[in-house]
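Everything below concerns the one structure shown next.
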Amino acid sequence: MKRHRYPLLGLLTGCLALTGCGSEGAGGKGSVEFSTWGEAYIEEQIPAADFEDGWTVKYSKFLVVIGGIVVADESGAVGAESKETILVNHVSPGVKSLVKLEGIEAKA
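For the sequence shown, counting from 1, position 60 maps to 140 in our numbering; every step adds exactly one.
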């Protein structure tokens, strides 16, 4: 089998929406939304062209557990967090929303 390096998942993306940005002390609040998704190799299959023997790999499940999402500033002060644990099957196509954290103090 030929070794093929590719990113396994487009896992835990960062901020899809961060509003209320500004310099420290400027006031205001914002929100941030986290999501994840599988790549084509997970959602569809690893094609035969990637293997010397011509086989393919198709997943029936590709489960990932994500939890303990924390938004903090560079000093470590926590602005928001989710202690929830989320089970995601990356074989299901498309973006999967994890959590939206709201009311975060706007800071640089």
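Think of the CB as a built atom: it goes at the ideal place given N, C-alpha and C, for glycine as much as any other residue.
Any chain D beta carbon closer than 8 angstroms to V151 = Absent from the structure: chain D. Only one protein chain is present.
Where G110 falls, given that 16 or more other Cβ within 10 Å makes a residue buried | buried
Which of the three DSSP states, helix, strand or coil, is assigned to A128?
-> helix
Please report how far the alpha carbon of G102 lies from the alpha carbon of G183, in whole angstroms.
-> Its pLDDT being 45, under 50, G102 is placed unreliably by the model, and nothing is read from it.
Counting pairs of beta carbons, one from the stretch 151 to 162 and one from the stretch 127 to 139, are three or more of them closer than 8 angstroms?
-> The stretch 151 to 162 vs the stretch 127 to 139: no contact.
Spatial distance of L178 from Y121 (CA atoms) = Rounded to whole angstroms, L178 to Y121 spans 21 angstroms at the Cα level.
Cβ of V145 within 8 angstroms of Cβ of T165?
-> yes
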